[in-house]
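S.K.: Numbering (this note's numbering), first residue to last: 1405 to 1537.
Virtual Cβ for every residue (Gly too), placed ideally from N, Cα, C.
Computed from a predicted structure; not experimentally measured.
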Amino acid sequence: MSDLDAPLLPPGRVEVAAQWHALIQGQVSRETVHAWAVPWVEGEGALVDIEDPLVVTALQHLHGFDLCQDPDRPGVVWHGTAGQGEWYHSPDDISGGLTRWEAKCALYDEDPQGWIRTVREQARASMQVEEEE
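1. Can you give the Cα-Cα distance for Trp1482 and Ala1439, rounded to whole angstroms?
2. DSSP on Ala1462, reduced to helix/strand/coil?
3. List the whole-angstrom C-beta distance separating Leu1471 from Val1420, where the pair is believed to meet the contact cut-off of C-beta under 8 Å.
4. Might you give, ordered along the chain, the residues of its own chain that have their beta carbon closer than 7 Å to the beta carbon of Val1460, omitting 5 neighbours on each side?
5. Quick check: the Cα distance between Glu1446 and Val1452, rounded to an integer number of angstroms?
6. Once you ignore the five residues that flank Ser1499 on each side, which residues in its own chain have a CB closer than 6 Å to its CB?
7. Expressed to the nearest angstrom, what Euclidean distance is found between the alpha-carbon atoms of Gln1488 and Pro1475?
8. On the premise that Ala1441 lies in contact with Leu1413, defined as a C-beta separation below 8 Å, what is that separation, rounded to the nearest angstrom?
9. Using the rule of at least 16 other Cβ atoms within 10 Å of the residue's Cβ for burial, across every protein chain shown, is Gly1551 buried or exposed?
10. What residue from Trp1444, Ser1530, Phe1469 and Trp1491 has the CA that sits closest to Gly1375's CA?
11. Candidates Pro1478, Glu1535 and Lys1508: which alpha carbon is nearest Trp1604's?
12. Give me the Cα-Cα distance between Asp1497 and Glu1536, rounded to the nearest whole angstrom.
13. Secondary structure at Arg1524, three-state DSSP: helix, strand or coil?
Structure follows, in structure tokens:
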């Protein structure tokens, strides 16, 4: 098998955290981080079973940090580049997202099964609220 035929291996927490930190520090652009995450969010890597659910959520965040919005059309967002509209996520949103993600990683590592159970319970409760509305 050639390198071109090798399966796309998913990144781990270290790699996604490095991308997130590089974006916050201005070492890479939003567009670059988006492009880096594309293979695992919408490309062939999306078919790969990523065992760590927190890597999956981090990839989704990184994939969306290039979202732009048009101030004249509320609710319209797209993957864009600098100057195409206003960024949907502020620099504070991006930094805060990393802090929250790292805290979730710590909770998951303490009790993976308990973390999964809690997330499922929160999802059920949210669905129940929506059904009651």
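M.R.: So, from the data block:
1. 14 Å
2. helix
3. At roughly 18 Å, the Cβ-Cβ gap does not stay under 8 Å, so Leu1471 and Val1420 are not in contact.
4. Ile1454
5. 11 Å
6. Ile1428
7. 11 Å
8. Between Ala1441 and Leu1413 the Cβ distance is about 14 Å, and since that is not below 8 Å, they are no contact.
9. Residue 1551 lies beyond the residue range present for the chain, which begins at 1405 and ends at 1537; the question has no answer from this structure.
10. Not covered by the structure: residue 1375. The range shown for the chain is 1405 to 1537.
11. The first residue shown for the chain is 1405 and the last is 1537, placing residue 1604 beyond what the model contains.
12. 31 Å
13. helix
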